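Position 492, counted from 1, in the first sequence is what our numbering calls 520; the numbers after and before it change by one each time, with no gaps.
Worksheet: one structure, shown below.
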Amino acid sequence: MNCNSLRPEDVGREIVLMGWVQRRRDHGGLIFVDLRDREGITQVVFDPRIGRQGHERAGALRSEYVIAVKGNTRFRPEGMTNPKLPTGEIEVAATELRILNSSKTPPFQVEDDVDASENIRLKYRYIDLRRPKLFNNLVARHKVAQMTRAYFNDLGFIEVETPVLTRSTPEGARDYLVPSRVNTGKFFALPQSPQLFKQILMVAGFERYYQIVKCFRDEDLRADRQPEFTQLDLEMSFISEEEIFSMIEGWIVKIFSGLKGVSPRPPFPRMTYGEAMDRYGADRPDTRFGLLLTEVTDVVAQSEFRVFRQAIERGGIVKALRVPGGKDLSRKELDDLIEFVKIFGAQGMAWIKIQADGWQSPIAKFLSPDVQQGLIDRLGIETGDVILFVADQRKIVNDSLGNLRGRLGRQLGLIDPDAFNFVWVTDFPLLEWDSNEKRYTSVHHPFTSPFESDMDLLETQPEKVRSRAYDLVLNGIEIGGGSIRIHQQEIQRRVFQALGISAEEAREKFGFLLEALQFGAPPHGGIAFGLDRLVMLLCGCSSIRDVIAFPKTQKATCLMTNAPSEADVNQLLELCLKVEGDRNK
RNA sequence: GGGGUGGUAGUUAAGUUGGUUAUAACGCCGGCCUGUCACGCCGGAGGCCGAGGGUUCAAGUCCCUUCCACCCCGCCA
Numbered sequence: 029m030n031c032n033s034l035r036p037e038d039v040g041r042e043i044v045l046m047g048w049v050q051r052r053r054d055h056g057g058l059i060f061v062d063l064r065d066r067e068g069i070t071q072v073v074f075d076p077r078i079g080r081q082g083h084e085r086a087g088a089l090r091s092e093y094v095i096a097v098k099g100n101t102r103f104r105p106e107g108m109t110n111p112k113l114p115t116g117e118i119e120v121a122a123t124e125l126r127i128l129n130s131s132k133t134p135p136f137q138v139e140d141d142v143d144a145s146e147n148i149r150l151k152y153r154y155i156d157l158r159r160p161k162l163f164n165n166l167v168a169r170h171k172v173a174q175m176t177r178a179y180f181n182d183l184g185f186i187e188v189e190t191p192v193l194t195r196s197t198p199e200g201a202r203d204y205l206v207p208s209r210v211n212t213g214k215f216f217a218l219p220q221s222p223q224l225f226k227q228i229l230m231v232a233g234f235e236r237y238y239q240i241v242k243c244f245r246d247e248d249l250r251a252d253r254q255p256e257f258t259q260l261d262l263e264m265s266f267i268s269e270e271e272i273f274s275m276i277e278g279w280i281v282k283i284f285s286g287l288k289g290v291s292p293r294p295p296f297p298r299m300t301y302g303e304a305m306d307r308y309g310a311d312r313p314d315t316r317f318g319l320l321l322t323e324v325t326d327v328v329a330q331s332e333f334r335v336f337r338q339a340i341e342r343g344g345i346v347k348a349l350r351v352p353g354g355k356d357l358s359r360k361e362l363d364d365l366i367e368f369v370k371i372f373g374a375q376g377m378a379w380i381k382i383q384a385d386g387w388q389s390p391i392a393k394f395l396s397p398d399v400q401q402g403l404i405d406r407l408g409i410e411t412g413d414v415i416l417f418v419a420d421q422r423k424i425v426n427d428s429l430g431n432l433r434g435r436l437g438r439q440l441g442l443i444d445p446d447a448f449n450f451v452w453v454t455d456f457p458l459l460e461w462d463s464n465e466k467r468y469t470s471v472h473h474p475f476t477s478p479f480e481s482d483m484d485l486l487e488t489q490p491e492k493v494r495s496r497a498y499d500l501v502l503n504g505i506e507i508g509g510g511s512i513r514i515h516q517q518e519i520q521r522r523v524f525q526a527l528g529i530s531a532e533e534a535r536e537k538f539g540f541l542l543e544a545l546q547f548g549a550p551p552h553g554g555i556a557f558g559l560d561r562l563v564m565l566l567c568g569c570s571s572i573r574d575v576i577a578f579p580k581t582q583k584a585t586c587l588m589t590n591a592p593s594e595a596d597v598n599q600l601l602e603l604c605l606k607v608e609g610d611r612n613k
């Protein structure tokens, strides 16, 4: 029996309900209380003619008091039903009331449409979590976890827990460190992912492993990034990309059908990394709308416009974004877009409005008729368009126009809010040049298998080597990524070498993996999903904080517990640790 | 490390060019009310305007410093 279970057929039953006082409406002679529990709301009437004691006590009720009510279910009087409530046709006429606990006046009301600021919501998270929206988000998360376990259990996967106290590995994100008391001066690291352990489990012959697991990365936070987050992590032996894709698609179908009643139809579209970067300016393309990027470097190379020419001479490129109907963008709006691309390193942005009576643009006079015709042919320009250009190094052009594309998609209302567009992104490069560290680093991670056909390039043109890595992208957000791994020690050795990781360092940091690869490691691969992000998208939220029970603030603190806190002197002594200096001072 | 938005009553917000006693809504407290469901009506309390410093006859408002929340860049294999 809960506050959402009584219906007309229950009329006449004597029942007991317990819950929280959502609202009290005191009419003097008659008191109404909306009684709330996690399931819903039932109206309770305290009528002195029915329960004198209950009516007297009900006068003391306040918001969020916890009560138990005994009473009889009855129809509401003619015309007094409340169609907004599933229980709106009935009410409970209270005969007895027990106040199980009182409550201070809550800092904000327990309603979905209260817009309390996030800091107060986080401080009083237990009140925030009473709101149906947030509660239901966590229920959805629970269901996803349960459906996930059921799905992979049925496919023969074994859930294995891997250590939370493990060792720091180079590459990747900053580690959270945990000092070891027993081993003075040594530290555990919290795992950024169970990557190495799941590969070792494949060597151990588990064949199919999965885990719903916390991962930790000590990096700056975003709306979709928390220092501790949850992955669905899985790995399989004797597996191909195709098998992984279809298995994951089946999982997505199960979750979407189970939670939303509808599901995208597999197989999901695929796109190479190269195509995604070329046309979407990002490795996580949002395919819910058009506005694709087009490279026009060759078309404008001979133009008189110095900005284009210089960018190209310096090895850069020029890309254009054709915005149909964009001529209505005001000068102010275009200036805002220019400011926007500067965030991503662009020096500026050129624009052309295609008016019926000609091209209106600060740069039109630099574009010869030949160049203009070239642009018309390349971009399929039509009257009413606005064309936006960025010329710079390839990365800056893609970053700025890719993000500009997203902004315009939202601003111009091109995005169907109900759409769930999945796309597999494949054929990532294995390595990328890190100009800070002056060496190649892994695009995915150092254990990702290169394309066998590209292996010869590993020592000669490392940036040309493609990897057997793949991401699953939903609505422009990366929700999962994985790869077929290296299972042969010799290839692993060559990849480490390409990464500039010395043999000694590899032995010291990953020796156990290298050794394991020598003991009959099967070919294997897997994938990991950001469960928080997936649930966030399923719940229509814009931050993973809304699907995490107790999230951290952007400064990586918990406003409810005030973690992190200073350590007790004795704790530090035991650990032989001393805090020196303050980076913030 | 950097850019941006915000911080005024318990909550959410308004506050003009620096000028009398800092507003409103919701919430809260008291009273009245037997059919409300965002109940209604009457009355009331509630403020170190994030904190610190400065300019000024005068600061919520201008300047500087700083703290907090959020969005973003860098960072996040």
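Quick reminder that beta carbons are idealized off the backbone N, C-alpha and C, glycines included.
None of these values were measured; they are calculated from a predicted model.
On the premise that residue j lies in contact with residue i, defined as a C-beta separation below 8 Å, what is that separation, rounded to the nearest angstrom?
i: N100; j: E42; result: 5 Å
i: F450; j: L260; result: Contact doesn't hold; Cβ gap of about 15 Å is too wide.
i: M588; j: D574; result: In fact, because the Cβ distance is near 16 Å, the residues do not count as touching under 8 Å.
i: T194; j: P219; result: 5 Å
i: A419; j: G344; result: 6 Å
i: L502; j: K288; result: The Cβ separation is near 13 Å, so there is no contact.
i: E119; j: V72; result: 7 Å
i: F244; j: P551; result: That pair is no contact at about 29 Å.
i: L34; j: V61; result: Contact doesn't hold; Cβ gap of about 14 Å is too wide.
i: W452; j: R298; result: 5 Å
i: Q254; j: I572; result: 6 Å
i: K360; j: Q383; result: In fact, because the Cβ distance is near 18 Å, the residues do not count as touching under 8 Å.
May I have the straight-line CA-CA distance separating residue i from residue j, to the nearest angstrom?
i: E92; j: L113; result: 19 Å
i: T581; j: D610; result: 21 Å
i: D482; j: P397; result: 43 Å
i: D246; j: L150; result: 21 Å
i: G504; j: F296; result: 14 Å
i: L205; j: F215; result: 6 Å
i: K226; j: L262; result: 8 Å
i: I127; j: V138; result: 19 Å
i: S208; j: L416; result: 56 Å
i: L63; j: I576; result: 26 Å
i: S389; j: Y179; result: 57 Å
i: R158; j: M175; result: 24 Å
i: P76; j: A121; result: 10 Å
i: E37; j: G79; result: 23 Å
i: A378; j: R438; result: 21 Å
i: S456; j: I514; result: It should be noted that the sequence gives Phe, not Ser, for residue 456. Near 15 Å, if we compare the C-alpha coordinates of I514 and F456.
i: T197; j: I519; result: 19 Å
What's the call for residue i, buried or exposed, on a 16-neighbour Cβ count within 10 Å?
i: N426; result: buried
i: Y498; result: buried
i: V290; result: exposed
i: P490; result: buried
i: S570; result: exposed
i: E480; result: exposed
i: C604; result: exposed
i: V44; result: exposed
i: I69; result: buried
i: Q338; result: exposed
i: N598; result: exposed
Helix or strand or just coil, what does DSSP make of residue i?
i: R202; result: coil
i: G308; result: In the sequence as displayed, the identity of residue 308 is Tyr instead of Gly. Three-state result, Y308: helix.
i: K355; result: helix
i: A526; result: helix
i: V61; result: strand
i: R85; result: helix
i: L605; result: coil
i: K370; result: helix
i: I380; result: strand
i: D398; result: helix
i: Q375; result: coil
i: R41; result: coil
i: A595; result: coil
Segments assigned beta strand (DSSP E), at least 3 residues, entirely inside the segment 96 to 164 | 118 to 129
Could you give the uninterrupted runs of the alpha helix (DSSP H) lying entirely in the segment 261 to 331, keeping only those of 4 residues or more?
-> 269 to 288, 301 to 308, 325 to 328
Identify every run of the alpha helix (DSSP H) within the segment 418 to 492, keeping only runs that are complete inside it and at least 4 residues long; order them along the chain.
-> 422 to 439
What runs of the beta strand (DSSP E), each 3 residues or longer, lie entirely inside the segment 505 to 573?
-> 505 to 512, 552 to 558
Inside the segment 169 to 243 only - alpha helix (DSSP H) runs reaching at least 4 residues | Runs of the alpha helix (DSSP H) inside the segment 169 to 243: 223 to 231.
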